[in-house]
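Q:
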Amino acid sequence: MKILMINSVCGIKSTGRICTDLAGALMQKGHEVRIAYGREEVPEAVRPLAVPIGSKAEVYAHGGVSMLFDGAGLGSVRATKRFLAWVREYDPDIIHLHNLHGYYINLPLLFDYLKTARKKVIWTLHDCWPFTGHSPSCDQVGCEKWRSGCGGCPLKGDYPRSFTDFSRRNFRWKREAFLGIEDMTLVSPSKWLAGLAAQSFLGAYPVKVIPNGIDESRFRPLGDGFKREAGIEKMILAVSGNWYDRRKGLPDILRLSQMLPGNCKIVLAGLTPAQMEGLPKNVLGLPKTNSVSELAKLYSAADVLLNPTYSDNFPTVNLEALCCGTPVLTYRTGGSPEPIEDGCGAVVDQGDLDAVLWELPNCMAAKEHVTEIASDFQCRFSRRRAEENYLSLYL
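Under the numbering used here, the first residue of the sequence shown carries the number 3, and numbering increases by one thereafter.
#1: On the CB-based measure, 16 or more other CB atoms within 10 Å of its CB, does residue 305 come out buried or exposed?
#2: Just the Cα atoms here: how many angstroms apart are residue 104 and residue 74?
#3: Taking the beta strand (DSSP E) that residue 190 falls in, what are its first and last residues?
#4: Nearest by alpha-carbon distance to residue 335: which of 351, 345 and 328 is it?
#5: For residue 387, which residues in the same chain have their Cβ closer than 7 Å to its Cβ, ignoring the five residues on either side in sequence?
#6: From the DSSP output, read off the bridge partner residues of residue 347.
#7: What do you reckon, are the CB atoms on residue 3 and residue 95 nearer than 8 Å?
#8: To test your reading of the DSSP string, which unbroken alpha helix (DSSP H) runs of 4 or more residues are found completely within the stretch 238-296?
#9: Taking all protein chains shown into account, do 16 or more other C-beta atoms lie within 10 angstroms of the C-beta of residue 70, making it buried, or fewer, making it exposed?
#10: With H, G and I counted as helix, E and B as strand and the rest as coil, what does DSSP make of residue 64?
#11: With respect to the alpha helix (DSSP H) encompassing residue 358, which residues constitute its N-terminal and C-terminal limits?
#12: Does residue 172 come out as helix, strand or coil in the three-state DSSP assignment?
#13: Roughly how many angstroms lie between the CA atoms of residue 232 and residue 150, to the nearest whole one?
#14: Taking Cβ positions, are residue 259 and residue 284 nearer each other than 8 Å?
#15: Between which residues of its own chain and residue 9 is the CB-CB distance below 7 Å, once the five residues before and five after are set aside?
#16: Mind checking who residue 384 pairs with in its DSSP beta bridge?
#17: Could you have a look at residue 102 and say whether DSSP puts it in helix, strand or coil?
#18: Please state if the CB of residue 223 and the CB of residue 332 are separated by a distance shorter than 8 Å.
#19: Looking at residue 78: is its Cβ nearer than 8 Å to the Cβ of residue 107?
#20: Check whether the Cβ atoms of residue 147 and residue 72 sit closer than 8 Å, and answer yes or no.
#21: Quick check: what's the CA-CA separation for residue 166 versus residue 237?
#22: Assuming the contact rule is C-beta atoms closer than 8 Å, residue 225 and residue 293 should be a hit. Round their C-beta distance to whole Å, please.
#23: Can you tell me whether DSSP reads residue 8 as helix, strand or coil?
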């Protein structure tokens, strides 16, 4: 069986690793896989699978279309035509879509092809963008205009940033383009997003819930070496690949640092050099890393993972921390609370730092318990289980 995946990135960040992990499992079973991607660098180990869709210049041009005309998904015409010519030659049996926003592919052209190609299509939804007129994170402001056709988007200044508002037009072209595929199944990692998709125009398709899979052989308890070497008594870890995105909660973390007792230190992983300058004394900044082993050591050493996200589907950082034996403290946002069981962390309202401060001691006290049952999380959210669920859809 030949499988083609399409995603904004390949082998990096959460969606890119999801694609490459699934590809590895499929190849072990004898299937042929290619991952078409739109932007950023590809780790050397997975380059043989990677198929670039366009050039950096074409991505920048598409970004310009988005900024000036609210046209995310409407640029990259030539790049998409070249790519679709390659797809016809490759002739996959299954086409598995992931993140389609990111300024790299023309979606009316892609879906015109999908409607005539008569291929089995799987589309894993990682956010709300497929059924809104603009934003992938309408939930951060409680916007539900997607129920009635959008227009007057309150988040036009957020990614994909635009000076203009054509959200009503975008809603219409998405509905027209995305509907009408004969054999397509939607997948959501969270029950939360699956519920929203089912209530949108995408509810015309079946929606399955398949939680993101974690490499349980690598995300497992590895001891507190990092914490001891850094001389930290109580370690609060926060991880993101993009702290510039205000939805990740960096301002809240910095405010929380002023409220913490003296024996607590926040470790912020994923910062740029500029962001690491001028941090409070009780905040240790670490640069971005795509190293799974480095992340696993950080998760394992932490007393608690803090995820103050204002918009999220089913964040893999929560799963990775739990599999490494670390409790999770998160906001009541999207699907972020779903993997947290009693005694394994806490969920508080968005922005309620007093509640965060109140729950921190209980979460830290749960560290030993979560470490003892980490194998349960590894089984529940194992990459193997996710792969088996996807394979059942493929077949």
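Glycine included, C-beta positions come from ideal geometry on N, C-alpha and C.
A: Result, derived from the coordinates:
#1: buried
#2: 7 Å
#3: 186-190
#4: 351
#5: 215
#6: 330
#7: yes
#8: 252-259 and 275-278
#9: exposed
#10: helix
#11: 355-367
#12: helix
#13: 52 Å
#14: yes
#15: 17, 18, 21, 37, 39, 100 and 101
#16: 216
#17: coil
#18: no
#19: yes
#20: no
#21: 44 Å
#22: Actually they are not in contact, since the Cβ atoms of residue 225 and residue 293 sit about 17 Å apart, beyond 8 Å.
#23: strand
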